[in-house]
Amino acid sequence: MKNFFSNLGYFIKEAKTIFRVDFLSNIFSILSIGLIFFILSMIFSGWEISNSIVEVLEKEAEINLFYDENMEGDKIGLLIEKIESIKGIRGASLINEEESYHRMVEILGKEAKILELFDENPFSPFIEVKIQIEEIETILNRLELLDGVEYVRDNKEIIDKMKNMITILTLVGILVIAAVGISTMIVVSHIIRQGIYNNREQINTLKLLGAPNSFIGLPFLLEGMFLTIGGGVLAFILVAFLINYAYGQIGNSLLFIPLPNSKVIINDMLIFILSLSVTFGIIGSLFGLSSAKND
Amino acid sequence: MIEAKNVSLTYKDGTIALKDVNLKIEPGDIVYITGPSGSGKTSLLKLFMGIEYPTEGELRVLNLPMTKKEEANIRNLRKIIGPVFQEFKLINGRTALENVVLGLRFLNFSPRQMIEEGKAALIKVGLGHKIETLVDHLSFGETQRVAIARAIARKPAIILADEPTGNLDIDNAINILDLLISLKNKDTTVIITTHATHLLEDINEGTFIMVNEGNLKVESRGEA
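Top line first, the protein sequences correspond to chains E and F. For my numbering, add 1267 to where a residue sits in the first sequence, where the first one is 1. For my numbering, add 4 to where a residue sits in the second sequence, where the first one is 1.
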């Protein structure tokens, strides 16, 4: 360890020299690794955004309960009380026709003009029920049994679809991470082997002078990390630019989608890409070193 | 320090390099290994460094058996050997000092000690004025001296110099030989191979090993 710190400057200088000797191959490797990481980053950011949307939707989960329109005010009040007594319900409130109409005007924005085509308010009053999403199955069963309930509209289908999408993205993500890992390791280990071949005389001299393998291998390990971190930084710049651009485009036109903060996504991406870069750099270099040793 | 008992070395292609070698080298000895090209001098040094292993017999260097099984320990043993290779094995594109210091980096020297020892070794071989010169820009004789400086900076127990006078003119060859002889002391054994027997005619102290077709003839002169 003492030798490591006293020779750190030497190791970095050596790694730079090894990089310079095969400059073009190393540059192309960084570009390839950058593009590979970029694909992975896109999938990761898609997964994180979807996950965040589902979390928001789950927190704000609500059910709209439509009742018999002939029901009178007292009975509606009683129905609300019964609803609120069900386990897993956080609150229930009556939304009358006018409020229903105004909400739709807010959602539609400029397109709300279409509502002017109706002679009368087309919306019915309903009871808005805020729920704990994990209790949704029990709540739905119990609500349907209540007197006067005509129809229960839930967002379960949308949430389920989102969850399915996340499951698919997670699976694709795992596959892509595996593919990225293998591709990166192949690229890095190939470059390391090439570096070892180019420096074989120097390595042989060091062996004859009694240098341990760790001393000989460290500059190559650093080179591998330069490559993957370089690729990672490139991927991060691309993906950060793309996220900012996409938020600028989508965020303004789809205000009702609860997108997570872009800065949070970008920060998470930075940590994710850099951690993977360092990990794959080390594994790829060690793989290259051990395979060269076995030759 | 070095003891060979009935050591033979036959290469994989069947070439017999050394036959039934018996010798004992004590600490502080100076040993000259001579013989024509291809006689087995370099093979003997390769055995001492653990680059090759005896195919028969037993060889011990600093009490370590030189066998494949001891590969890891042999790598450590090399840390206390100062080799001067026939083809120098210096790193081009680096200065004389960088080359010397490279041989010290994995030994127990502090960064400051490495520089100090490196400079002292280069001054000792007469290259104090070329410390920062790239080895690519040095003459043949100077390059040879950098290789010697790299060996002595390590403060080795054994200096192994393979044909250090090869390809040098007579004056430079004598200077290099004198330099190597001056390195011998009670802690440092110096082993030199050379095919230039005429250079050894006036030397009257040391162990002289004549190698011919893999056979050794040992002669001692003077106190050594």
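Don't be surprised by glycine CBs; every beta carbon is placed ideally from N, CA and C.
Handout entry: Any non-hydrogen atom of the ligand ZN within 7 Å of E:E1325 CB
Key = Absent from the structure shown: the ligand ZN. Ligands present: none.
Handout entry: Nearest-angstrom Cβ-Cβ length linking E:A1282 and E:E1490, presumed shorter than 8 Å
Key = 5 Å
Exercise for the section: Whole angstroms is fine: what's the gap from F:L142's alpha carbon to E:K1474's? Expected result: Rounded to whole angstroms, F:L142 to E:K1474 spans 25 Å at the Cα level.
Exercise for the section: With 8 Å as the threshold, decide whether the Cβ of F:I230 is near any Cβ in chain E. Expected result: For chain F, the structure presents residues 5 to 228; residue 230 of chain F sits outside this window and is missing.
Exercise for the section: Please check the pair E:D1535 and E:E1322, which I expect to be a contact at CB under 8 Å, by giving their CB distance rounded to whole angstroms. Expected result: Not really, about 14 Å apart at Cβ, beyond 8 Å.
Practice task
Report yes if the C-beta distance between E:L1537 and E:F1503 is below 8 Å; otherwise report no.
Solution key: Yes; because the gap between Cβ atoms is below 8 Å, this pair is in contact.
Problem - Distance CB(E:T1495)-CB(E:T1451) smaller than 8 Å - result: yes
Practice task
Residues of the stretch 103-126 of chain F with a CB closer than 7 Å to any CB of chain E: list them in chain order, please.
Solution key: G107, R109, F110, S114 and P115
Practice task
Could you run through the stretch 1480-1507 of chain E and flag, in chain order, every residue whose CB is less than 8 Å away from some CB of chain C?
Solution key: No chain C appears in the structure shown, which is made up of the protein chains E and F.
Exercise for the section: Identify the contact partners of E:A1478 in chain F, using a Cβ-Cβ distance below 7 Å as the criterion. Expected result: F110
Practice task
Could you tell me whether the stretch 68-76 of chain F touches the stretch 24-42 of chain F, using the rule of 3 or more Cβ pairs below 8 Å?
Solution key: no
Problem - Contact the stretch 144-158 of chain F vs the stretch 80-88 of chain F: 3+ CB pairs below 8 Å - result: Proximity of the stretch 144-158 of chain F to the stretch 80-88 of chain F meets the contact definition, three or more beta-carbon pairs being nearer than 8 Å.
Problem - Beta-bridge pairing of F:G86 - partner residues as DSSP gives them - result: F:I163
Problem - Which of helix, strand or coil DSSP assigns to E:M1251 - result: Absent from the structure is residue 1251 of chain E, since the part of chain E shown begins at 1268 and ends at 1562.
Handout entry: Beta carbon of E:N1466 nearer than 8 Å to that of E:I1294
Key = no
Problem - Closest residue to F:I37 among F:E30, F:N179 and F:L49 (Cα-Cα distance) - result: F:L49
Handout entry: Chain-order list of residues whose beta-carbon lies under 6 Å from that of E:T1472 (same chain, five-residue window excluded)
Key = none
Exercise for the section: Evaluate F:G18 with the Cβ neighbour count: other Cβ atoms within 10 Å of its Cβ, from every protein chain shown; 16 or more gives buried, anything less gives exposed. Expected result: Classification for F:G18: exposed.
Practice task
Could you check the C-alpha separation between E:K1530 and E:I1550 for me, to the nearest Å?
Solution key: 30 Å
Problem - Where F:L184 sits in the DSSP three-state scheme - result: helix
Exercise for the section: Compare the C-beta of F:K9 with all C-beta atoms of chain E and state if any pair is closer than 8 Å. Expected result: no
Handout entry: Range covered by the alpha helix (DSSP H) that runs through F:A100
Key = A100 to L106
Problem - Reference F:R79; option with closest CA among F:L111, F:E62, F:S43 and F:P31 - result: F:L111
Problem - Interface residues of chain F facing E:N1228 [CB-CB closer than 7 Å] - result: With chain E covering 1268 to 1562 only, the question about residue 1228 of chain E has no answer from this structure.
Problem - Span of the beta strand (DSSP E), counted from its first residue to its last, around F:M214 - result: F:M214 -> beta strand (DSSP E) spans G210 to N216.
Exercise for the section: Would you check if the distance between the CB atom of F:L299 and the CB atom of F:P168 is smaller than 8 Å? Expected result: Here chain F has residues from 5 to 228 only, and residue 299 of chain F is not among them.
Problem - E:N1408, DSSP secondary structure in three states - result: helix
Exercise for the section: For F:K72, count neighbouring Cβ atoms within 10 angstroms of its own Cβ and tell me buried if that reaches 16, exposed if not. Expected result: F:K72 is exposed by the Cβ-count criterion.
Practice task
Have a look at E:L1476 and E:F1311 and give me their C-alpha separation to the nearest angstrom.
Solution key: 48 Å
Practice task
Say whether chain E places a C-beta atom closer than 8 Å to the C-beta of F:N216.
Solution key: Output row for F:N216: interface = no.
Handout entry: C-beta neighbour in chain F for E:Y1514, strict 8 Å
Key = no
Exercise for the section: Mind listing the chain E neighbours of F:M53? Cutoff is C-beta to C-beta under 8 Å, in chain order. Expected result: Per Cβ cutoff of 8 Å: L1475.
Exercise for the section: Could you spell out the range, first to last residue, of the beta strand (DSSP E) harbouring F:R79? Expected result: Element bounds for F:R79: not the beta strand (DSSP E) but the alpha helix (DSSP H), E75 to L81.
Practice task
Answer with yes or no whether the minimum CB distance from E:N1318 to chain F is below 8 Å.
Solution key: Interface residue (Cβ-Cβ distance to chain F less than 8 Å): E:N1318 is not classified as such.
Practice task
Using a cut-off of 8 Å between C-beta atoms, extract the partners of E:N1293 located in chain F.
Solution key: Scanning chain F for C-beta atoms nearer than 8 Å to the C-beta of E:N1293 yields nothing, as the closest lies near 18 Å away.
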